[in-house]
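Taking numbering that gives the first Met the number 0, I'd label the letters of the sequence shown as residues 0 to 260. A short worksheet on the structure shown next.
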Amino acid sequence: MSKISELAVIEDGAVIGVDVTIAPFCFISSQAVIGDGTTIAANSSIYGKTTIGKNNRIFSNAVIGSIPQDLKFNGEDVELIIGDDNTIREFTLFNPGTKGGGGKTIVGNHNLFMGYVHLGHDVIIGNHCILANAATLAGHVELGDYVVIGGMTPVHQFVHIGDYAMVGGASALAQDIPPYCMAEGNRASLRGLNLTGLRRNLDREDINALKSAYRELFESGKPLKETASSILDETKNFHVIDLCNFVIKTKRGIPFERKNI
Numbered sequence: 000m001s002k003i004s005e006l007a008v009i010e011d012g013a014v015i016g017v018d019v020t021i022a023p024f025c026f027i028s029s030q031a032v033i034g035d036g037t038t039i040a041a042n043s044s045i046y047g048k049t050t051i052g053k054n055n056r057i058f059s060n061a062v063i064g065s066i067p068q069d070l071k072f073n074g075e076d077v078e079l080i081i082g083d084d085n086t087i088r089e090f091t092l093f094n095p096g097t098k099g100g101g102g103k104t105i106v107g108n109h110n111l112f113m114g115y116v117h118l119g120h121d122v123i124i125g126n127h128c129i130l131a132n133a134a135t136l137a138g139h140v141e142l143g144d145y146v147v148i149g150g151m152t153p154v155h156q157f158v159h160i161g162d163y164a165m166v167g168g169a170s171a172l173a174q175d176i177p178p179y180c181m182a183e184g185n186r187a188s189l190r191g192l193n194l195t196g197l198r199r200n201l202d203r204e205d206i207n208a209l210k211s212a213y214r215e216l217f218e219s220g221k222p223l224k225e226t227a228s229s230i231l232d233e234t235k236n237f238h239v240i241d242l243c244n245f246v247i248k249t250k251r252g253i254p255f256e257r258k259n260i
């Protein structure tokens, strides 16, 4: 049985699953869908066309699905989609998509969003990501799986961060961060591989292959995309292929210290 406070405001048309808890002074819009087992703490608001999956935990004063912070937004039909088993802490702000960005903000599964995190319009988040306190993502940012972003770090619009990447706290990120890499600073630049994260998830052979590819790409002084193409011709390692393809496809560029040949 769901536990819904009589002091919560739930508009007609909202779809509430089973075993859902909604605390006092929450607001749930008529277009919202709340999945089974989700808990919504006091003073939280779920606006607009927002779909929330199963077993999410939403803490006090979260604002989920309010209109995009985009001056071009003119009331179009847009939405926010959140997967399963996410933890969304206090005073977080998630915006839906915009017409110019495809109309959807999408959040995967098993993510942790600490207090005051902001997800801008048209953001795409993978699975098992951690965004520490007051990390802020501008519009159209894309995160892969197992990404970690430190506290107080803003990420520029259209930035893409690959799987298993980490961005240090109090950084300012304006360019793409390849998978498996670590970046920090203002402006943030590459500092090496995210070895702590890789050791939790990859075997030694894969890590050694990534170390070799990283040195060739970012420490050899050779042209970046040409080097990535050359490595692709020689490797069969899935993770190295993923890294090199990211380098070739980047649109905002990759921030690293270029060495003279």
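Ideal Cβ positions, reconstructed from N, Cα and C, are used throughout, including at glycine.
Just to confirm, is the Cβ distance from residue i to residue j under 8 angstroms?
| i | j | result |
| --- | --- | --- |
| Glu89 | Phe112 | no |
| Ser28 | Ala7 | no |
| Lys53 | Asp11 | no |
| Ile261 | Val158 | Residue 261 lies beyond the range of the chain shown here (0 to 260); nothing can be said about it. |
| Gln68 | Gly47 | no |
| His120 | Gly100 | yes |
| Leu209 | Leu242 | yes |
I need the straight-line Cα distance from residue i to residue j, nearest angstrom please.
| i | j | result |
| --- | --- | --- |
| Ala133 | Cys25 | 22 angstroms |
| Ile105 | Ile124 | 6 angstroms |
| His139 | Lys250 | 13 angstroms |
| Glu215 | Leu70 | 43 angstroms |
| Val32 | Thr49 | 6 angstroms |
| Ile80 | Glu5 | 26 angstroms |
| Tyr179 | Gly252 | 16 angstroms |
| Leu142 | Met0 | 35 angstroms |
| Gly34 | Ile51 | 6 angstroms |
| Lys221 | Ser229 | 11 angstroms |
| Met332 | Gly161 | Past the edges of the chain, shown from 0 to 260, lies residue 332, and the structure says nothing about it. |
| Lys258 | Lys224 | 15 angstroms |
My understanding is that residue i touches residue j, with C-beta atoms under 8 angstroms, so please give their C-beta distance in whole angstroms.
| i | j | result |
| --- | --- | --- |
| Gln156 | Ala137 | 4 angstroms |
| Gly107 | Asn94 | In fact, because the Cβ distance is near 17 angstroms, the residues do not count as touching under 8 angstroms. |
| Ala169 | Gly149 | 7 angstroms |
| Pro153 | Ala131 | Not really, about 13 angstroms apart at Cβ, beyond 8 angstroms. |
| Lys98 | Glu75 | 4 angstroms |
Identify whether residue i lies in helix, strand or coil by the three-state DSSP scheme.
| i | result |
| --- | --- |
| Gly99 | helix |
| Cys180 | strand |
| Ala227 | helix |
| Ile218 | The residue you asked about is not Ile; residue 218 is Glu in the sequence shown. In the structure shown, Glu218 sits in coil (DSSP, three-state: anything other than H, G, I, E or B). |
| Ile206 | helix |
| Lys2 | strand |
| Arg56 | strand |
| Val146 | coil |
| Ala40 | coil |
Under 8 angstroms, Cβ to Cβ, is there at least one residue of chain C near residue i?
| i | result |
| --- | --- |
| Asn236 | The structure shown contains no chain C; it is built from a single protein chain. |
Tell me whether residue i is buried or exposed, calling it buried when 16 or more other Cβ atoms sit within 10 Å of its Cβ.
| i | result |
| --- | --- |
| Phe255 | buried |
| Asp195 | For the sequence presented, residue 195 should be read as Thr rather than Asp. Exposed, since its Cβ has fewer than 16 Cβ neighbours within 10 Å. |
| Met165 | buried |
| Pro23 | exposed |
| Val283 | For the chain, the structure presents residues 0 to 260; residue 283 sits outside this window and is missing. |
| Phe317 | No answer is possible for residue 317: the residues shown for the chain start at 0 and end at 260. |
| Gly96 | buried |
| Ser44 | buried |
| Asn207 | exposed |
| Asn85 | buried |
| Asn193 | buried |
| Ala110 | Reading off the sequence, residue 110 comes out as Asn, not Ala. Asn110 is buried by the Cβ-count criterion. |
Is residue i near the ligand FAD, going by C-beta to nearest heavy atom under 7 angstroms?
| i | result |
| --- | --- |
| Ile105 | Looking at this structure, you won't find the ligand FAD or any other ligand, since it has none at all. |
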